[in-house]
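A.B. asks: Quick one: the structure is below, questions incoming.
Number of protein chains: 2
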Amino acid sequence: MDPTYRPSLLEVDIDSFHVLPFAGSDLVLTPAQWSSHVVGKISSWIDLDSEDEILQRDSETTLKQEIAWAAHLSLQACLLPSPKGASCANYARCVNQIVQGLSNMQLWLRIPLLKSDDDSLDVDSDHWMDSWELWNSFRLICEHHSQLCLVLDILSTLPSANSIGRWFGEPVRAAIIHTDSFLKNARGYPCLSKRHQKLITGFFNHSVQMVISGKPVHGIPGATTGAAANHIDNNVNSMQRHPLRSYLDYVGYLYQRMEPLSEQDRIELGYRDFLQAPLQPLMDNLEAQTYETFEKDSVKYIQYQRAICKALLDRVPDGEASTLTTVLMVVGAGRGPLVRASLQAAEETGRKLKVYAVEKNPNAVVTLHSLVKLEGWENVVTIVSCDMRLWNAPEKADILVSELLGSFGDNELSPECLDGAQRFLKQDGISIPSSYTSFIQPITASKLYNDVKSHKDIVHFETAYVVKMHSIAKLAPSKPVFTFNHPDYSTKKSNQRYKKLQFVIPRDTGSAIVHGFAGYFDATLYKDVHLGIEPSMATPNMFSWYAILFFLNSCVKGS
Amino acid sequence: MDPTYRPSLLEVDIDSFHVLPFAGSDLVLTPAQWSSHVVGKISSWIDLDSEDEILQRDSETTLKQEIAWAAHLSLQACLLPSPKGASCANYARCVNQIVQGLSNMQLWLRIPLLKSDDDSLDVDSDHWMDSWELWNSFRLICEHHSQLCLVLDILSTLPSANSIGRWFGEPVRAAIIHTDSFLKNARGYPCLSKRHQKLITGFFNHSVQMVISGKPVHGIPGATTGAAANHIDNNVNSMQRHPLRSYLDYVGYLYQRMEPLSEQDRIELGYRDFLQAPLQPLMDNLEAQTYETFEKDSVKYIQYQRAICKALLDRVPDGEASTLTTVLMVVGAGRGPLVRASLQAAEETGRKLKVYAVEKNPNAVVTLHSLVKLEGWENVVTIVSCDMRLWNAPEKADILVSELLGSFGDNELSPECLDGAQRFLKQDGISIPSSYTSFIQPITASKLYNDVKSHKDIVHFETAYVVKMHSIAKLAPSKPVFTFNHPDYSTKKSNQRYKKLQFVIPRDTGSAIVHGFAGYFDATLYKDVHLGIEPSMATPNMFSWYAILFFLNSCVKGS
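Same order as they appear, the protein sequences are chains A and B. Under the UniProt record's numbering, the first residue of the first sequence carries the number 1, and numbering increases by one thereafter. Under the UniProt record's numbering, the first residue of the second sequence carries the number 1, and numbering increases by one thereafter.
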């Protein structure tokens, strides 16, 4: 669009409608090119909150006209200029109105990555000190619309790491690095500070596109216009070499330098930031594929085997190893991985074992039978096709082994199942796990919040989801919530729990929006052998559990 | 599953739950193989409507157990045996209960392709004469569930073509051809009758999988077990050659022999049986991509050009060709295809033309400007950026050309727009098109009906959809509905219409379910030049319009 264009300056011949075209022809590119290669850039002069009424009206007209033209070309996105001042109410109102009528196109609001650490300045003044506040008020007026995203302008000074962290839970689509944010390396080429490098790498990890903007301000050897160091180079390169090429090369180098994804990460790529309903293995029988997946988590079963070894050694002194048989019951045996871990622990410790494998899913029992036959365990393992809460055990167990934990510990009804099973545990018997605790922490998670909101009902907000978290910001350290111990023979025992928690967001973060809470668990299998997903102490390389997410119907701003 | 297995014959030791496994191990195939290569076959002895109470109870238990096992293996589908008698209420009730709990697995009810032409037999008797009735009552009890599909058993005798036609609107997933339905060709190999061939080709066209079943009943040369014609052949083939191989080869040959899809059909493959909201070009501005697609429909513009030629010749005698200038207005010019057709018609006929191109979408006007410049039409074409209903034309038109028709003729508000435009048409002027009529016909369309139903609201049932129809059955010839003529200067003129129609389904069809109506239009552009999509007189090779579909909230059974 012509940058000098102002609707108010047009002399329109109302009667004949002979308006001159406001843009160049769309035929310069094919529809496929428009819709895949181009992001629209809305005229940067617009100011919908200006005191100047003509400018304000011209701005609104132009904004609508330009976005309509972009929609006509089926562009994927349009870049909206940053609001001119702290007040952006009319701009946001107008964008909200526009975004309601767009089919797929996204609107990317440009926001400088800026936060002053000086708390003494007034936030309500015209010079906002935290650009996140600007984004947040704009986004709230647009009712958290899923097609409203943002683009960050990266300046030469960066806010604190905590403050930057907030943005990873927001829908950042691109980052614009200005040439004057670059430093100069020993050879005179542009490079970035360590903190900038870390930020760019983080963006790459979150599929944020990089844009380089500005004039070349580094006198790069051989890249200055006119005088080339070598006339052959000149012939070959001067035609093709973009003046910002050396900036792009440097950013490309940062990308190349990144660690490749681990194989497990590659497998899980499709699950990132995707809402999954938690399993309900007590109500629904798991499918063969699900067993297959979980059985592959070798780290988990190594931990169980370590715990069973320790329990066997505690229970049977070396002198009685050949005479005393330990009765071990796997409750919820599935297709048998804990049966295998138990028998391996018995072999490792030289202890004699009698195993009962109790499983309520008749389909898993079929596999269990063929496993026992295949491995020749018929004399050691007894298969019981029954719900552990109903089984009349023929004898009592020394050790009860189970893997009934959900991402939040108790959410797959482990406490209720084990309460039913402890009937057949000896008074001094051991439960593996012996206890487990749930944890939560507040998060920003725009993408997931919008996914929940898109259902337009309360049910989806009151559902807990299992998620491979990626584009989220963790706002404060997690805190423990509920603990369950097994066995528990106390008479006043109850599985009901209630808890109030207070989270403190680090001071240098600034404000942030809390879309909900991420939940985790940590379980003590036996003594010092634990297993869990709470980030600060998670068992490494385990993939059976993703975090569980609880969303807030009305998200809150914390600071 | 063991075919002799009956739950009632099991001696269960209730206390110890030591039940023997009811099936072989799932570990013989990988989860990926189970879920992609295998369709479960439910035991054929089951009869949930038997008078024998034990059999009835065993049947229900076994059905549930087998489907649970199939779900455990993540199979894509299970084949349900055909109901044993005309009454299938308990069977269908039980299947309906089961299908509610399935995540993705389909249940395929096996139905023989059978319809007696003898109307004298009592339909209510135990021997149903039309197997469609059996399917229909089963499906209705299952509330038209989208995961309930069907498999047809092809017998040696086929019902009439009309009767077979019904099934192409039903969710047929596979067809089982029995070896005794095959004939023997001159060389002793199996082949099929012409009518069977046509049916199989129809199935292939609708992605119905073919199954060959039964014993090899054709003494095929060299394929008999034991005695081979040639001992080398014997060594190579007898190991690998399946006894039904020659039947499969023949069916494969029928597939190979099919006409390949036309390029247009291949492009449109992804649109088959897919609900699309009709365009609303008066309310919404079309996108560049949409113009691009429609402009490619050369057949349509050739018809327009033919009509404009005839109108020009009628309007301007040969003697006045060089002196008389015809004023032609394209109302709704878009990006200019009708402007081009008009100028080509002028050139073809040697008539002088003055063109006004009226277009209300400002984005299309941008392209129109560059087109006129590019083609050097500045002296002939005047571009008017305006809604035709509001334009104050500087002169009156001899010919008004428009393409405002929707799939149902008037559904994109062509009558209302042209009513507004005829103000600037001369009293004796010509409108191209001069009239258009809509048509409807009753259809069976299970897949589309389920798509509409899945929204669980009335709004989607009361929406008309544009659909590239494929898996639908047309039950009776179409009938004309509403006609509009242009120009229309009558004083009592109204665009309101009301019509009652009666459709007669051909007698040999049998009963059928009417999910709704397919709608079409036929337009008279000028005199004998027409344009339309009504199947019996559709303009060939035109792709701008698919049929429009009107669904019935409560579908009705017709016969």
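Glycine is no exception: its CB is placed at the ideal position from the N, C-alpha and C atoms. Keep in mind that this is a model prediction, so the values were computed, not measured.
What residues of chain B sit near A/L27, judged by a beta carbon separation below 7 Å?
C.D. replies: Residue 27 of chain A sits at position 27 when you count from the first residue of the first sequence. Residues of chain B passing the Cβ test: T367, S370.
A.B. asks: When the cut-off is 9 Å and only beta carbons count, does B/F22 lie next to chain A?
C.D. replies: Taking the first residue of the second sequence as 1, we reach residue 22 of chain B at position 22. It does; some Cβ of chain A falls within 9 Å.
A.B. asks: Within the continuous alpha helix (DSSP H) that includes A/T61, where are the two ends?
C.D. replies: On the first sequence, position 61 is the one that residue 61 of chain A refers to. 53 to 72 is the span of the alpha helix (DSSP H), which, as asked, contains A/T61.
A.B. asks: So that I know if they touch, is there some Cβ in chain B lying closer than 9 Å to that of A/N379?
C.D. replies: For this step, residue 379 of chain A is matched to residue 379 along the first sequence. A/N379 does not count as touching chain B.
A.B. asks: Closest to B/V99 by CA distance: which of B/H37, B/K360, B/L63, B/S471 is it?
C.D. replies: For the purposes of this step, residue 99 of chain B is taken as the residue at position 99 of the second sequence. Comparing Cα positions, the closest option is B/L63.
A.B. asks: Enumerated in chain order, which unbroken segments of the beta strand (DSSP E) with a length of 3 residues or greater are wholly contained in the UniProt domain "PRMT5 oligomerisation" (435 to 555) of chain B?
C.D. replies: 435 to 444, 465 to 467, 479 to 485, 512 to 526, 529 to 532
A.B. asks: Below 6 Å CB to CB, which residues in the same chain sit around A/A364 once its five sequence neighbours on both sides are set aside?
C.D. replies: In the first sequence, residue 364 of chain A corresponds to position 364, counting from 1. Closer than 6 Å at the Cβ level, and outside the excluded window around A/A364, lie G334, R335.
A.B. asks: Which of helix, strand or coil does DSSP assign to A/W132?
C.D. replies: Reading the first sequence from its first residue, position 132 is the one you call residue 132 of chain A. The answer is helix: DSSP assigns A/W132 an H, G or I state.
A.B. asks: Who are the neighbours of B/E292 on chain A, taking C-beta pairs under 7 Å?
C.D. replies: Within the second sequence, numbered from 1, the residue matching residue 292 of chain B stands at position 292. Under the 7 Å cutoff, chain A gives P31.
A.B. asks: By how many angstroms is the C-alpha of A/S438 removed from the C-alpha of A/H515?
C.D. replies: For this step, residue 515 of chain A is matched to residue 515 along the first sequence. For this step, residue 438 of chain A is matched to residue 438 along the first sequence. Counting only the Cα atoms, A/S438 lies some 19 Å from A/H515.
A.B. asks: Give me the DSSP bridge partner(s) of B/M210.
C.D. replies: Here the question's residue 210 of chain B lines up with position 210 in the second sequence. Looking at the DSSP assignment, B/M210 forms a beta bridge with B/A175.
A.B. asks: List the residues that DSSP assigns as beta-bridge partners of B/G409.
C.D. replies: Translated into the one-based positions of the second sequence, residue 409 of chain B becomes position 409. B/G409 pairs with B/G406.
A.B. asks: Cβ closer than 7 Å: which chain B residues qualify as neighbours of A/L134?
C.D. replies: In the first sequence, the residue the question calls residue 134 of chain A occupies position 134. Within chain B, no residue comes near A/L134; the closest Cβ sits about 31 Å away, beyond 7 Å.
A.B. asks: According to a CB-to-CB cut-off of less than 7 Å, which residues of the region 274 to 298 of chain A neighbour chain B?
C.D. replies: N285, E287, A288, Q289, E292
A.B. asks: Nearest-angstrom Cα distance between B/F294 and B/I302?
C.D. replies: Your numbering for residue 294 of chain B matches position 294 in the second sequence. Your numbering for residue 302 of chain B matches position 302 in the second sequence. Going by the C-alpha atoms only, they are around 13 Å apart.
A.B. asks: How about A/S74: is its C-beta nearer than 9 Å to some C-beta of chain B?
C.D. replies: By one-based count along the first sequence, residue 74 of chain A stands at place 74. So, interface residue.
A.B. asks: Starting from B/S385, trace the beta strand (DSSP E) both ways and give me its first and last residue.
C.D. replies: For the purposes of this step, residue 385 of chain B is taken as residue 385 along the second sequence, with counting starting at 1. Counting along the chain, the beta strand (DSSP E) containing B/S385 begins and ends at 381 to 385.
A.B. asks: For A/R257 and chain B, any beta-carbon pair shorter than 9 Å?
C.D. replies: In the first sequence, counting from the first residue as 1, residue 257 of chain A sits at position 257. Taking Cβ atoms only, chain B never reaches closer than 9 Å to A/R257, which makes this a no.
A.B. asks: Mind checking if B/G420 is an interface residue toward chain A, Cβ cutoff 9 Å exclusive?
C.D. replies: In the second sequence, the residue the question calls residue 420 of chain B occupies position 420. Judged by the 9 Å Cβ criterion, B/G420 is not in contact with chain A.
A.B. asks: Taking the straight line between their C-alpha atoms, what separation do you get for B/L107 and A/I440?
C.D. replies: Counting from 1 along the second sequence, the entry for residue 107 of chain B is found at position 107. Counting from 1 along the first sequence, the entry for residue 440 of chain A is found at position 440. The alpha-carbon atoms of B/L107 and A/I440 are separated by roughly 42 Å.
A.B. asks: What distance in whole Å lies between the Cβ atoms of B/L113 and B/L158, which are believed to be in contact at a cut-off of 8 Å?
C.D. replies: Position 158 of the second sequence holds residue 158 of chain B. Position 113 of the second sequence holds residue 113 of chain B. The pair is a contact, with the Cβ atoms about 7 Å apart (cut-off 8 Å).
A.B. asks: If you drop the 5 nearest sequence neighbours on each side, which residues of the same chain put their C-beta closer than 8 Å to that of B/Q56?
C.D. replies: Position 56 of the second sequence holds residue 56 of chain B. The answer, listed in chain order, is D47, L48, D49, S50, N90.
A.B. asks: So what does DSSP say about B/C191, is it helix, strand or coil?
C.D. replies: As a first step, residue 191 of chain B must be located in the second sequence, where it is residue number 191. Strand, per DSSP.
A.B. asks: Using a Cβ cut-off of 7 Å, pull out every chain A residue sitting near B/N363, in sequence order please.
C.D. replies: In the second sequence, the residue the question calls residue 363 of chain B occupies position 363. Here the neighbours are A68, W69, H72.
A.B. asks: Helix, strand or coil for B/E359 per DSSP?
C.D. replies: As a first step, residue 359 of chain B is located in the second sequence; it is residue number 359 there, counting from the start. Strand.
A.B. asks: From B/D528, B/T444, B/K468, B/T483, pick the residue whose C-alpha is nearest to that of B/S559; which is it?
C.D. replies: Walking along the second sequence from the start, residue 559 of chain B turns up at place 559. For B/S559, the nearest C-alpha among the options comes from B/T444.
A.B. asks: By Cβ distance, which residues of its chain are closer than 7 Å to A/E395, with the 5 residues on each side in sequence left out?
C.D. replies: To locate residue 395 of chain A, count along the first sequence from 1; it is residue 395. Cβ neighbours of A/E395 beyond the five flanking positions: V327.
A.B. asks: Output yes or no for whether 9 Å exceeds the beta carbon distance between B/G532 and B/F543.
C.D. replies: Reading the second sequence from its first residue, position 532 is the one you call residue 532 of chain B. Reading the second sequence from its first residue, position 543 is the one you call residue 543 of chain B. No, these two residues do not count as a Cβ contact at 9 Å.
A.B. asks: With a threshold of 8 Å, are at least 3 pairs of Cβ atoms found where one atom belongs to the region 152 to 172 of chain A and the other to the region 503 to 518 of chain A?
C.D. replies: yes
A.B. asks: For A/D180, which residues from the same chain have a beta carbon less than 7 Å from its beta carbon, with the 5 sequence-adjacent residues on both sides left out?
C.D. replies: Looking up residue 180 of chain A in the first sequence gives position 180. Around A/D180: S156, G214, V217.
A.B. asks: My guess is that B/A288 and B/V330 are in contact by the Cβ rule of under 8 Å, so how many angstroms apart are they, rounded?
C.D. replies: The residue given as residue 288 of chain B occupies position 288 in the second sequence. The residue given as residue 330 of chain B occupies position 330 in the second sequence. B/A288 to B/V330, Cβ: 19 Å. No contact.
A.B. asks: Buried or exposed for A/H242, please, with buried defined as at least 16 other CB atoms from any protein chain shown within 10 angstroms of its CB.
C.D. replies: By 1-based counting over the first sequence, the position of residue 242 of chain A is 242. With fewer than 16 other Cβ atoms within 10 Å, it is exposed.
A.B. asks: Only counting the same chain, and skipping five residues up and downstream in sequence, which positions put a Cβ closer than 7 Å to that of B/I383?
C.D. replies: The count along the second sequence starts at 1 and reaches residue 383 of chain B at position 383. Taken in chain order, the residues that qualify are A357, V365, L368, H369, V372.
A.B. asks: Mapping the DSSP letters down to three states, classify A/I42 as helix, strand or coil.
C.D. replies: In the first sequence, counting from the first residue as 1, residue 42 of chain A sits at position 42. Coil.
A.B. asks: What in chain B is Cβ-close to A/W34, meaning under 9 Å?
C.D. replies: Sequence index remark: in the first sequence, residue 34 of chain A carries index 34 (1-based). Simply A288, Q289.
A.B. asks: Which residues in the same chain have their Cβ closer than 6 Å to the Cβ of A/D52, if we skip the five residues on either side of it in sequence?
C.D. replies: One-based indexing of the first sequence puts residue 52 of chain A at position 52. If we look at A/D52 and ignore the five residues flanking it on each side, it has no Cβ neighbours.
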